[in-house]
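Down below is the structure, laid out as structure tokens.
Residue numbers (the working numbering): 613 to 759.
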């Protein structure tokens with residue numbers, strides 16, 4: 613009998629291709645890149661208030677550059693231990709400097725175009741003022757609400 617179940621054969625072939633594709637170093641490299649970008653964005657948001665936007669940018673890039681380099685050495689290229697560690701991190705440092713220059717200048721341009729930073733949530737009222745009927749007026753002054 614020479615009949616072939618086309619659907620089952622095609623499905624098995626596609627599953628095999630998907631397994632090979634997922635095992636590809638290119639896919640691992642891209643996945644690490646996506647995770648690094650998400651980590652950078654999260655760090656930038658978290659560090660922006662305490663450090664300022666430029667310092668937060670540098671810190672977030674630095675942290676994610678080291679983590680990205682180590683993850684790619686191990687997970688993408690299978691390098692464990694010290695072989696070429698210094699050379700790989702020096703190459704990553706060059707990329708870090710280029711990226712830092714581009715993002716820092718982008719922030720300068722963004723500030724030149726739009727002087728007003730993105731609004732931040734107002735701080736919660738302190739215990740001392742939470743029970744009073746005094747508050748801030750939209751103009752920034754203090755107003756007293758009639759009782």
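Heads up, the beta-carbon is just placed ideally off N, CA and C, and yes, glycines get one too. For clarity, every value in this text was computed on a predicted model and none was experimentally measured.
N- and C-terminal bounds of the alpha helix (DSSP H) containing residue i
i, result
"residue 718", "697–725"
Rounded distance between the beta-carbons of residue j and residue i, thought under 8 Å
i, j, result
"residue 667", "residue 656", "Not a contact, Cβ separation roughly 11 Å."
"residue 672", "residue 652", "5 Å"
"residue 677", "residue 704", "6 Å"
"residue 708", "residue 664", "Actually they are not in contact, since the Cβ atoms of residue 708 and residue 664 sit about 19 Å apart, beyond 8 Å."
"residue 641", "residue 688", "5 Å"
For residue i, three-class secondary structure by DSSP
i, result
"residue 620", "helix"
"residue 694", "coil"
"residue 756", "The predicted position of residue 756 is uncertain, since its pLDDT is 48 and thus under 50; no value can be drawn from it."
"residue 631", "helix"
"residue 615", "coil"
Sequence ranges, alpha helix (DSSP H) only - wholly within the segment 633–692, length at least 4: Runs found: 637–663 and 665–683.
Contact between the segment 708–722 and the segment 686–696 (3+ Cβ pairs under 8 Å): With a cut-off of 8 Å, the segment 686–696 and the segment 708–722 do not count as touching, because too few Cβ pairs lie within range.
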